[in-house]
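I have placed the structure first, in the form of structure tokens, so that the comments after it can refer back to it.
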Amino acid sequence: MNYRTILFLTLSLFLLNITFAQDKQKGPTRILFLLDASASMKKDWDNRTRWEVAKQILTEITDSLNNVEGVEFGLRVYGHQSPSNQRDCQDSKLEVNIGTNNAHYIQKRLAEIKPKGITPIAYSLEKSAFDFPTTAGRNILILITDGEESCSKDLCEISKRLQKSNAILKPFIIGLNIPDYIANSLECVGQLHQTEKPGDFKEKLDIVLNRALAQTTVQVNLLDTYGKPTETNVNLTFHDSQTEIAKYNFYHTINHEGNPDTLAVDPVYNYDIVVHTIPSLRERNIKLEENKHNVIDIPAAQGSLRLEFDGPLLNSTPLHKIKCLIKESGEYSTLHIQPMNSIETYLTGKYDLEFLTLPRIKLQAIEITQSYQKMIKVPAPGSVNLLKSFEVYGGIFIVEKGRMKKIYELRSDLKQENIALQPGKYRIVYRAKNSKTMHTTVDKEFEVLSGKSLNIKL
4 MNYRTILFLT LSLFLLNITF AQDKQKGPTR ILFLLDASAS MKKDWDNRTR WEVAKQILTE
64 ITDSLNNVEG VEFGLRVYGH QSPSNQRDCQ DSKLEVNIGT NNAHYIQKRL AEIKPKGITP
124 IAYSLEKSAF DFPTTAGRNI LILITDGEES CSKDLCEISK RLQKSNAILK PFIIGLNIPD
184 YIANSLECVG QLHQTEKPGD FKEKLDIVLN RALAQTTVQV NLLDTYGKPT ETNVNLTFHD
244 SQTEIAKYNF YHTINHEGNP DTLAVDPVYN YDIVVHTIPS LRERNIKLEE NKHNVIDIPA
304 AQGSLRLEFD GPLLNSTPLH KIKCLIKESG EYSTLHIQPM NSIETYLTGK YDLEFLTLPR
364 IKLQAIEITQ SYQKMIKVPA PGSVNLLKSF EVYGGIFIVE KGRMKKIYEL RSDLKQENIA
424 LQPGKYRIVY RAKNSKTMHT TVDKEFEVLS GKSLNIKL
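For the sequence shown, the working numbering begins at 4 and goes up steadily by one.
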């Protein structure tokens, strides 16, 4: 059985899967072959030129693609219009528009083209973005080359920009016996497949097409403390591991059968999966097996934290200003800000809490456990109304171990201030703004009760 027959049978096996995939994607899979026809393609490669090998393999591949429903393909070639001594950095042309049943037209052009020029890969990549129709579909680019960029452009930046704009998916690159230093420069462009001999070319292109045309599903199990996939209702973001571009956002769901829902995703990428729990989780560089149902287990045990005031609240209490800073235990940076009288879900573990009350309340190593709601109550504040008959400089203080600590600076520009304070004893120290002597300073003690209002005249 020859290679063409094997390839046809292999691709035919994907036919039903691809047809199903189109329903999900609402469009065809489009493949653009970006082919190197620079002068170096005339070099000998196992008793034939590299160009002759590439031409033969593409002839066989396009014959097979003609029979695959839902697949369109075309051909762009570079380095074939101007001789190399002209250094033509725009020597690139769409030779066959992307469409169905294009094998004959591609093969006809391949028979007419003669390698002669340089290697303007970057320019060709930029142009290829406009070769794909603007209607919905999967845009796959397969670059076949034996050389490096000739025109000093940043291939990595261009490829990332095209992927970010969704002009193309991650490119596939088939390197025809290229040196390691060139291979290294191409790895940031897309998924590189190196070939050392003509037989490798057939194998690598087959692998690329299988991956490009595959229908692949994934199930993400968010595991609880007991290793069961019971956690759900969390957003998942799938990022391309290489470019860090977000490709999918799904809100995790458990279906009617009690199992995590199945997602159809593109297998052309390796993924970083971010689970938007608090704190978030990240599983890195996950490679999916194409044409299979992939199951990914991520430990994500969660419990919840409920924050409430203990006692009655005055209608005038500015609740929207009283929040709690949540930090991982022992860490300095703030992880989350939770409002009072609310319930939030967190990964199991220990957290430090800092309530933005006056004065602040700090609690350490509060433990969140699986499926349990941890209740934390803090005393309800009281309200202090400062009524000023003149402008003042001053502040409100607490006494800690005999030392005065300022917790609030009075506003000299306001005639009245309403301040929510935690229950306890305080001192207010002030003097008139226009006073010229310190002896007019007033030092007054007062007490605040939960849910009570206190008027202080200055």
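Even for Gly, the Cβ is constructed at its ideal location relative to N, Cα and C.
Within 10 angstroms of the Cβ of residue i, are there 16 or more other Cβ atoms? Answer buried if so, exposed if not.
i, result
"lysine 391", "buried"
"phenylalanine 449", "exposed"
"asparagine 187", "exposed"
"aspartate 416", "exposed"
"alanine 139", "exposed"
"glutamine 419", "exposed"
"valine 221", "buried"
"asparagine 142", "buried"
"glycine 261", "exposed"
"methionine 378", "exposed"
"leucine 389", "buried"
"leucine 366", "exposed"
"glutamate 98", "buried"
"aspartate 275", "buried"
"leucine 461", "buried"
"isoleucine 101", "buried"
"alanine 24", "Since pLDDT at alanine 24 reaches only 37, below the 50 mark, its modelled position is unreliable, and the value read off the structure follows with that caveat. Burial call: buried."
"leucine 359", "exposed"
"serine 131", "buried"
"isoleucine 431", "buried"
How many whole angstroms separate the CB atoms of residue i and residue j, which I take to be in contact at a CB cut-off of 8 Å?
i, j, result
"serine 386", "serine 453", "With a Cβ gap of about 10 Å, serine 386 and serine 453 do not count as contacting."
"asparagine 252", "threonine 240", "5 Å"
"leucine 78", "arginine 112", "6 Å"
"serine 127", "serine 95", "4 Å"
"aspartate 227", "alanine 304", "5 Å"
"leucine 361", "isoleucine 422", "7 Å"
"leucine 208", "isoleucine 177", "6 Å"
Look up residue i in the DSSP assignment and give the residues it is bridged to.
i, result
"glycine 352", "Ile371"
"tryptophan 48", "Arg51"
"threonine 220", "Ala267 and His296"
"threonine 138", "DSSP lists no partner for threonine 138."
"methionine 464", "One cannot answer for residue 464 here, as it falls past the ends of the chain, which runs 4 to 461."
"leucine 338", "Looking at the DSSP assignment, leucine 338 forms no beta bridge with any residue, so it has no partner."
"proline 382", "Asp313"
"leucine 328", "Ile340 and Glu357"
"isoleucine 34", "Phe76 and Ile143"
"tyrosine 108", "DSSP output for tyrosine 108 lists no bridge partner at all."
"glutamine 419", "Leu390"
"serine 162", "DSSP, once it has assigned bridges, lists no residue as partnering serine 162."
"valine 99", "Leu78"
"tyrosine 396", "Arg434"
"asparagine 318", "Answer is none; asparagine 318 lacks a bridge partner."
"asparagine 169", "The partner list for asparagine 169 (beta bridge, DSSP) is empty, contrary to what the question assumes."
Would you say residue i reaches chain D, if we count a Cβ-Cβ gap shorter than 8 Å as a contact?
i, result
"leucine 97", "The question asks about chain D, but that chain is absent: this structure has only one protein chain."
Sequence ranges, beta strand (DSSP E) only - wholly within the region 425 to 450, length at least 3: Complete beta strand (DSSP E) runs here, min 3: 427 to 435.
Ranges of the beta strand (DSSP E) found wholly within the region 232 to 309, counting only runs of at least 3: As far as the region 232 to 309 is concerned, its whole beta strand (DSSP E) runs of at least 3 residues are 238 to 243, 249 to 254, 266 to 268, 273 to 278, 284 to 290 and 296 to 302.
Segment contact, 8 Å Cβ cut-off, at least three pairs: the region 436 to 448 with the region 394 to 406: By the criterion of at least three beta-carbon pairs nearer than 8 Å, the region 436 to 448 is in contact with the region 394 to 406.
Any 3 or more C-beta pairs closer than 8 Å across the region 285 to 300 and the region 324 to 344: No contact exists between the region 285 to 300 and the region 324 to 344.
Inter-stretch contact (C-beta, 8 Å, three-pair minimum) for the region 162 to 179 and the region 125 to 138: The region 162 to 179, when compared against the region 125 to 138, does touch it at the 8 Å Cβ threshold.
Segment contact flag, the region 146 to 161 with the region 114 to 132, C-beta cutoff 8 Å, min 3 pairs: Short answer: they touch.
Contact between the region 311 to 318 and the region 348 to 360 (3+ Cβ pairs under 8 Å): The way I'd put it, the region 311 to 318 doesn't touch the region 348 to 360; fewer than three beta-carbon pairs between them come closer than 8 Å.
Any 3 or more C-beta pairs closer than 8 Å across the region 61 to 74 and the region 101 to 109: Flag = yes, the region 61 to 74 and the region 101 to 109 touch.
Cβ pair count under 8 Å reaching 3, the region 264 to 281 against the region 210 to 217: Touching, yes, given that three or more Cβ pairs across the two stretches are closer than 8 Å.
Touching by the beta-carbon criterion (3+ pairs, under 8 Å), the region 37 to 45 and the region 185 to 201: Judged by Cβ distances under 8 Å, the region 37 to 45 makes no contact with the region 185 to 201, as fewer than three pairs qualify.
Three or more C-beta pairs below 8 Å linking the region 230 to 248 and the region 51 to 61: No: the two stretches stay apart, fewer than three of their Cβ pairs being nearer than 8 Å.
Completely contained alpha helix (DSSP H) runs for the region 177 to 214, where each covers 4 or more residues: Taking only runs of at least 4 residues, the alpha helix (DSSP H) segments lying wholly in the region 177 to 214 are 183 to 189.
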